[in-house]
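**Student:** Numbering (our numbering), first residue to last: 1341 to 1598.
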């Protein structure tokens, strides 16, 4: 009698356990794979509090834009450039509030929480971007993002998109006041010149895939023009180069967030 009762209990226990396991399995469905980011997507970087926009992969013609009469020799030859990976780029230049929050100081000549940080060296900009889990954009990424699918020397009417010598009143201005480009990025032209991660070089080959530039050189590339620059320098293909430790109240930056 005891034997049969024991067997019945074991059978009942086994059925209950199997049902429980089946029930648990039914509720433990694999989580859906996150959708790949697309143009127009944004995310907030929790460390610096700035918004970053998704820049999709693609290609463009880098260098002097068609019919641009203001180009310098180092803006040629033009070449097809392909970026096979998208990236998150700050919607605005790094503000003084964000820089001070991360770095603990504010080096800017023109003081204001919403003004772009300036008077920063490449070394400081690189340190900031690393601290927020990112990096400075490459020169190719910068120009691709600035053009935002356009082929002209600017992505819009100069006075509508940029602060420069002709309208800035000899000062920087709060970020994001002018019209953005088609990717939703503000002040890619004007306000402050922006550091990139790429060492300055003059390139002669006609096509590139994910170009990074030389591994070492004397100067680093800057792009975009700033409040102190005249109109002919406020162009998407205009190039400038300084040493890593140089500073100027016309120079700031924005980051790529990984």
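Cβ coordinates follow ideal geometry from the N, Cα and C atoms, glycine included.
1. Can you say whether residue 1453 is buried or exposed, counting buried as having 16 or more other CB atoms within 10 angstroms of its CB?
2. Can you give the Cα-Cα distance for residue 1439 and residue 1472, rounded to whole angstroms?
3. Cβ atoms of residue 1401 and residue 1480: under 8 Å apart, would you say?
4. Please report the distance separating the alpha-carbon of residue 1542 from that of residue 1379.
5. Less than 8 Å between the beta carbons of residue 1488 and residue 1522, yes or no?
6. How far does the alpha helix (DSSP H) with residue 1337 in it extend, from its first residue to its last?
7. Quick one: grab the DSSP three-state call for residue 1567.
8. Report the three-state DSSP secondary structure of residue 1510 (helix, strand or coil).
9. Rounded to the nearest angstrom, what separates residue 1563 and residue 1591 at their Cα positions?
10. Out of 1594, 1498, 1511, 1548, which has the shortest C-alpha to C-alpha gap to residue 1574?
11. Are there 16 or more other CB atoms within 10 angstroms of the CB of residue 1468, so buried, or fewer, so exposed?
12. Going by alpha carbons, who is nearest to residue 1559 out of 1598, 1548, 1550, 1587?
13. What are the boundary residues of the beta strand (DSSP E) that includes residue 1487?
14. Taking the alpha-carbon positions, what's the residue 1461 to residue 1490 distance?
**Tutor:** Inspection of the coordinates gives the following:
1. exposed
2. 10 Å
3. When the beta-carbon positions are compared, residue 1480 and residue 1401 stay at least 8 Å from each other.
4. 31 Å
5. yes
6. Lying outside 1341 to 1598, the shown extent of the chain, residue 1337 is not represented and no answer is given.
7. When DSSP states are grouped into helix, strand and coil, residue 1567 belongs to the coil group.
8. In the structure shown, residue 1510 sits in coil (DSSP, three-state: anything other than H, G, I, E or B).
9. 10 Å
10. 1498
11. buried
12. 1587
13. Element bounds for residue 1487: not the beta strand (DSSP E) but the alpha helix (DSSP H), 1479-1487.
14. 30 Å
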